[in-house]
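K.L.:
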Amino acid sequence: MEMLRAFRDLVTTDTSEAPKALGDLRVMQGVRKFPQQVKCAMLAWRAVQQAFEQGSGEATVSTEPA
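Residue numbers for the sequence shown follow this note's numbering, beginning at 543 and rising by one.
1. Tell me, to the nearest whole angstrom, how far the beta carbon of A583 is from that of V553; I am working on the premise that it is less than 8 Å.
2. To the nearest angstrom, how far is it from the Cα of L567 to the Cα of M543?
3. Taking the CB atoms as reference points, tell me whether A563 and A586 lie closer together than 8 Å.
4. State the Cα-Cα distance for the pair E559 and V590, rounded to the nearest angstrom.
5. Give the list of continuous alpha helix (DSSP H) stretches no shorter than 4 residues that lie fully inside the segment 563-596.
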């Protein structure tokens, strides 16, 4: 979950330094300039987050903050 928070902060906040733990994902830093693209960039991360939270079974994934 820490990686999710770090990525979310990378694409939504105006920080000059991206965490090194994100590795190649740091190239996504420019996405913050395009709000609709932020939702797209976060979709897979939200799916993973909800999968961990809900365990097994079907779930609806939202691009909105939890």
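All C-beta atoms in this analysis are idealised placements derived from N, C-alpha and C, irrespective of residue type, glycine included. Computed from a predicted model, the values in this text were never measured in an experiment.
P.N.:
A quick look at the data gives this:
1. 5 Å
2. 15 Å
3. no
4. 25 Å
5. 577-596
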